[in-house]
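Asks: In my numbering, the protein residues as written are 177 to 421.
Beta carbons are placed, not taken as given, at the ideal position from N, Cα and C, and that holds for glycine.
Computed from a predicted model, the values in this text were never measured in an experiment.
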Ligand code: ADP
Ligand code: MG
């Protein structure tokens, strides 16, 4: 056996080129059959290595995101709700310019009209574009923030969340100021203002957000920051769950 055959697997392992490892031999045969030059052979191996890495990053980031499964654009029926403008949703899904500019998306509407679905679909498209995303039910996130505050590590948690450029906060209306100390939510909104994006779904209009925050001044200040750079989507109509029943 030629010495390189013993060394190459170790070199590829050292360089963490696992798909080169599995493919260099069969591609060498292919190169001979097809008459590829050295450059083409190398480029073919690089291509499959890149594809594999992209696929595993997508998988890792989808898992990390905790997004509900199957709520993608392809499974969303735009014909079922004409208050949702496909072009607007596709623009948010196809580009991450708004994410790079730390803009927000706020989706209003009654229960069952597809807010969570559409928000998740936009978020998932952002993962496909290479961005990190995290889904939280708002009630759960408020709990986490509150816990962190009690343990004097709220700042640390907010800084940790800075690493995720897009947070999907689902159902802000389920957070009530008497159940939770929601000033932590205000702190999150202030902290991320102009530095990180939020998608928020809400079944209450802004005019009722004083039931979420400790006082109406805080609600106004939070809304002011959220909408300064934001796309607001109002979904109307009947619940998809009860449609046709
Ligand atoms: P909301 O968050 O507004 O309460 P959801 O997004 O949870 O509503 O939607 C309720 C259910 O109906 C989900 O299973 C969702 O996938 C589905 N759904 C809603 N609208 C549509 C739609 N236009 N096309 C396909 N499925 C939809
Ligand atoms: Mg929902």
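Per DSSP, residue 129 is paired with what?
Replies: Residue numbering for the chain in the displayed model covers 177 to 421; residue 129 lies beyond these limits and cannot be assessed.
Asks: Should residue 341 go down as buried or exposed, given a rule of 16 or more other Cβ atoms within 10 Å for buried?
Replies: So residue 341 counts as buried.
Asks: Taking the alpha-carbon positions, what's the residue 210 to residue 292 distance?
Replies: 50 Å
Asks: When every heavy atom of the ligand ADP is checked, does at least one fall within less than 7 Å of the C-beta of residue 309?
Replies: no
Asks: Using alpha carbons as the reference points, say which of 283, 177 and 207 lies closest to residue 261.
Replies: For the residues 283, 177 and 207, the minimum Cα distance to residue 261 belongs to 283.
Asks: In this structure, how does DSSP classify residue 250 when only helix, strand and coil are distinguished?
Replies: The answer is coil: DSSP assigns residue 250 none of H, G, I, E or B.
Asks: Select from 344, 327 and 393 the residue whose C-alpha is nearest the C-alpha of residue 240.
Replies: 344
Asks: Quick one: is the Cβ of residue 253 within less than 7 Å of any heavy atom of the ligand ADP?
Replies: yes
Asks: Would you say the beta carbon of residue 417 comes nearer than 7 Å to a heavy atom of the ligand ADP?
Replies: yes
Asks: From residue 323 to residue 184, what distance separates their C-alpha atoms?
Replies: 51 Å
Asks: Is the CB-CB distance between residue 308 and residue 237 below 8 Å?
Replies: yes
Asks: Can you name the residues that DSSP bridges to residue 343?
Replies: Answer by DSSP bridge pairing, in chain order: 310 and 374.
Asks: For the putative contact between residue 390 and residue 415, defined by C-beta atoms under 8 Å, what is the C-beta separation to the nearest angstrom?
Replies: 31 Å between Cβ atoms; not a contact.
Asks: So what's residue 401 in DSSP terms, helix, strand or just coil?
Replies: Note: residue 401 maps to helix in three-state DSSP.
Asks: If you draw a straight line from the C-alpha of residue 235 to the C-alpha of residue 393, how long is it?
Replies: So the two alpha carbons sit approximately 42 Å from each other.
Asks: Which residues neighbour the ligand MG when neighbourhood means a C-beta less than 6 Å away from any of its non-hydrogen atoms? List them by chain order.
Replies: 291, 292, 346, 347 and 377
Asks: Excluding the 5 residues preceding and the 5 following residue 199 in the sequence, name in chain order all residues of the same chain whose CB lies nearer than 8 Å to its CB.
Replies: 221 and 224
Asks: Under a three-way DSSP split, which group does residue 245 fall into?
Replies: When DSSP states are grouped into helix, strand and coil, residue 245 belongs to the coil group.
Asks: Below 8 Å between beta carbons: does that hold for residue 379 and residue 287?
Replies: yes
Asks: Looking at the unbroken alpha helix (DSSP H) that takes in residue 185, where does it start and where does it end?
Replies: 179-190
Asks: Looking only at its own chain, which residues have a Cβ that is under 6 Å from the Cβ of residue 315, when we skip the five neighbours before and after it?
Replies: 350 and 351
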